[in-house]
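Q: Sending over a structure as structure tokens; questions will come in a sec.
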Amino acid sequence: MVPLSWYLSLSALIFVIGLCGVLLRRNILIVLMSLELMLNAVILNFVAFSFYLQDLRGQIMAIFIIAITAAEVAVALAIVIALTRNRATLRVDDINSMKG
Amino acid sequence: MPGLETLFFLLFAILTVIFAVMVVVAKNPVHAALSLMACFVQIAALYILLRAPFIAAIQIFVYVGTIMVLFVFVMMMLDIRKATSEPYLPAKLWLLALFPLLLGVLLLVGLNVGDSFKSITQTSQIELENTTSELGHALFTDYLLPFEVVSVILLVALVGAILMAQKGKR
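Going line by line, the protein sequences match chains A and B.
Heads up: take any position in the first sequence, counting from 1, add 91, and you land on the numbering used here.
Heads up: take any position in the second sequence, counting from 1, add 22, and you land on the numbering used here.
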């Protein structure tokens, strides 16, 4: 049987890779995708603990996280579309001024 | 001789990490999106290894079927040709990579050294078979309020997304 710490280590690896993507890439679409990667690492943790502790609450939490992620991605991509309409850039470095 | 489950775990884990790295290093956002899709499919396979078939199906439906299609659709609407040729980072900021690497080393050492997780790795028998019906029961009894709140949040996000992506003044 696979030990729990293997799943947790895999999840940590995915999380760190996603964090590298968020910090090192400048393209806003890839930054968003790396965020998805980090969220998936968290869900994997929840499901792994749910299985090893034989508790259903981890899976319920995973369902809620997936639903919230879907909402987050829809709003984020709408913001990206509105942004490129106003500023014509996809680089996160160029998006540094606020109005309002 | 490791068991079949261990072999499959290693296969899916290695593929997941490879595709995750490809998401981060890909120059072209379309390649990154396709790698991310493959990565999500591997994670869904891991959920099946964890006896969570419903979560695996949701993962395929929502992530691979909806979120990635949304990403690719937005890339179709935007001009990403300029983005494929630009460098990752200004050279002086490469030290930033140190922090995630440090965090990764700390996490891996913390998870694997010591025996804080040894006590819960030995699950003798599996009680949670056929979790889908139990999951549905729990969602509609104990977790009814969060469930409804999530549905309202989804509705609000949908309306907000349409409003923000709309052309013209509002």
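Each residue gets a CB set at the ideal place from its N, CA and C atoms; glycine is no exception.
Just so we're clear, the structure is a prediction, and the values are computed from it rather than from any experiment.
Contact check, L72(B) vs F34(B) under 8 Å by CB: the rounded distance?
A: Position 50 of the second sequence, counted from the start, is the residue given in the question as residue 72(B). Position 12 of the second sequence, counted from the start, is the residue given in the question as residue 34(B). The Cβ separation is near 11 Å, so there is no contact.
Q: Return the bridge partner residues of R182(A) from the DSSP annotation.
A: To locate residue 182(A), count along the first sequence from 1; it is residue 91. Looking at the DSSP assignment, R182(A) forms a beta bridge with N118(A).
Q: Just to make sure I have the definition right: I need the residues of chain B whose C-beta is within less than 7 Å of the C-beta of L135(A). Which are they?
A: As a first step, residue 135(A) is located in the first sequence; it is residue number 44 there, counting from the start. Simply I65 and L68.
Q: Please report how far the alpha carbon of S96(A) lies from the alpha carbon of F140(A), in whole angstroms.
A: Taking the first residue of the first sequence as 1, we reach residue 96(A) at position 5. Taking the first residue of the first sequence as 1, we reach residue 140(A) at position 49. Their Cα atoms are separated by approximately 10 Å.
Q: According to DSSP, is G136(B) part of a helix, a strand, or is it coil?
A: For the purposes of this step, residue 136(B) is taken as residue 114 along the second sequence, with counting starting at 1. Correct three-state label for G136(B): coil.
Q: Assign A74(B) to one of three DSSP states: helix, strand, or coil.
A: The residue you call residue 74(B) lines up with position 52 of the second sequence. Coil at A74(B), not helix or strand.
Q: Are the CB atoms of Q81(B) and I65(B) nearer to each other than 9 Å?
A: Here residue 81(B) corresponds to residue number 59 of the second sequence, with the count starting at 1. Here residue 65(B) corresponds to residue number 43 of the second sequence, with the count starting at 1. In contact: Q81(B) and I65(B) (Cβ atoms closer than 9 Å).
Q: Select from R178(A), A179(A), D184(A) and A173(A) the residue whose C-alpha is nearest the C-alpha of L185(B).
A: Reading the second sequence from its first residue, position 163 is the one you call residue 185(B). The option with the nearest alpha carbon to L185(B) is A173(A).
Q: Could you check what DSSP says for G112(A) in three-state terms: helix, strand or coil?
A: Working through the first sequence from its first residue, we reach residue 112(A) at position 21. G112(A) falls in the helix class under three-state DSSP.
Q: Taking only beta-carbon positions, decide if V96(B) is within less than 9 Å of chain A.
A: For the purposes of this step, residue 96(B) is taken as residue 74 along the second sequence, with counting starting at 1. Answer yes: the Cβ-Cβ gap between V96(B) and chain A drops below 9 Å somewhere.
Q: Assuming contact is defined by CB atoms lying nearer than 9 Å, are F139(B) and V93(A) in contact in what I supplied?
A: Mapped onto the second sequence, residue 139(B) falls at position 117. Mapped onto the first sequence, residue 93(A) falls at position 2. Not closer than 9 Å, so no.
Q: With a threshold of 7 Å on Cβ separation, who are the neighbours of L123(B) within its own chain once the five nearest residues in sequence on each side are excluded?
A: Taking the second sequence and counting its residues from 1, one reaches residue 123(B) at position 101. Excluding sequence neighbours, L123(B) sits near nothing in its chain.
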